[in-house]
Amino acid sequence: MYSRLPSLVIGFHGCDISTFQKVVCDSGELTPSNNNYDWLGNGIYFWEQNYDRALQWAKEQAERGRVSEPAVVGAVIDLGYCLNLTDSHYTGLLKNEYRLMKQEFQQLGLDMPKNTGRTEDLLLRKLDCAVIEHLHHRMEGRREAEQAEGVEPFDSARGLFSEGDRIYPGAGIREKTHVQICVRNPNCIKGYFAPREADPAWRIP
11 MYSRLPSLVI GFHGCDISTF QKVVCDSGEL TPSNNNYDWL GNGIYFWEQN YDRALQWAKE
71 QAERGRVSEP AVVGAVIDLG YCLNLTDSHY TGLLKNEYRL MKQEFQQLGL DMPKNTGRTE
131 DLLLRKLDCA VIEHLHHRME GRREAEQAEG VEPFDSARGL FSEGDRIYPG AGIREKTHVQ
191 ICVRNPNCIK GYFAPREADP AWRIP
């Protein structure tokens, strides 16, 4: 009863200026990510209430030659039925899904995916992505078989991630800690906008 999040949140998507122009100026759409290492499964990714982190990510992509000019698209998002991994109900659901998936892999004689990376952040989250996608597909299958018992597939996923260097020696807080949103149902995105700078003559409410 208490798991639903407030209706609307603001998300920011780091990208190239060409994507910004397509989406904000030409009424285009953002393209869902379908990598097997996506942290929250497949969908359209946003940094929740975090313009600076979205811009930082775009600049990092520019340094790697993947973006020519960094930009940020803002979005108004209704999370709908959200796999909210800051809620113990949903983390428990995902923990159980891991067990189901592991049983299937063992029966098929397959190796489970692993989270990997060159740093302790393990940026390639193949295991997490596979478990989340397994949950989505199982729920969709139950709905198609009319076994969903009123539970629909998730519209979005949301997670809190501790990432980056510690902000000072011994700190439990890291520089790139953020809340990430992955939108599966594009109808959750109510509109895109160009983020604006604050008027210094006024406080930010």
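Numbering-wise, the sequence shown is residues 11 to 215 according to our numbering. Quick reminder that beta carbons are idealized off the backbone N, C-alpha and C, glycines included.
key: Span separating the alpha-carbon of residue 65 from that of residue 51   = 22 Å
query = Since residue 55 sits in a beta bridge, which residues does DSSP pair it with?
reply = 192
ask   = How many angstroms separate the CA atom of residue 4 from the CA atom of residue 106?
value = The chain is shown only over 11 to 215; residue 4 falls outside these bounds and no answer can be derived.
query = Looking at C-alpha atoms only, which residue of 165, 174, 212 is the closest neighbour of residue 17?
reply = 165
task = Can you have a look at residue 84 and say buried or exposed, based on whether 16 or more other CB atoms are within 10 angstroms of its CB?
result = buried
task = Give the secondary structure of residue 77 by DSSP, where H, G and I count as helix, E and B as strand, and everything else as coil.
result = Note: residue 77 maps to coil in three-state DSSP.
ask   = Which whole-angstrom value describes the C-beta separation of residue 198 and residue 89, a residue pair presumed to lie in contact below a C-beta threshold of 8 Å?
value = With 8 Å as the limit, residue 198 and residue 89 qualify as a contact, their Cβ atoms being about 6 Å apart.
ask   = What span of residues does the alpha helix (DSSP H) with residue 199 cover, start to end?
value = Not the alpha helix (DSSP H): residue 199 falls in the beta strand (DSSP E), residues 199-203.
request  = Label residue 170 either buried or exposed according to how many other C-beta atoms from any shown protein chain fall within 10 Å of its C-beta, with 16 as the threshold for buried.
outcome  = exposed
message = Nearest by alpha-carbon distance to residue 139: which of 176, 41, 93 is it?
response = With respect to the C-alpha of residue 139, the residue from 176, 41, 93 having the closest C-alpha is 93.
message = Please report the distance separating the alpha-carbon of residue 208 from that of residue 215.
response = 11 Å
ask   = Which partner residues does residue 23 have in the DSSP bridge list?
value = 83
inquiry  = Give me, in chain order, the residues of the same chain whose beta-carbon lies closer than 6 Å to that of residue 95; leave out the 5 immediate sequence neighbours on both sides.
reply    = 101, 169
inquiry  = Below 8 Å, how does it come out for the region 70-77 and the region 118-138: are there three or more Cβ pairs, yes or no?
reply    = In short, these stretches do not touch, since the Cβ pair count stays below three.
inquiry  = According to DSSP, is residue 94 part of a helix, a strand, or is it coil?
reply    = strand
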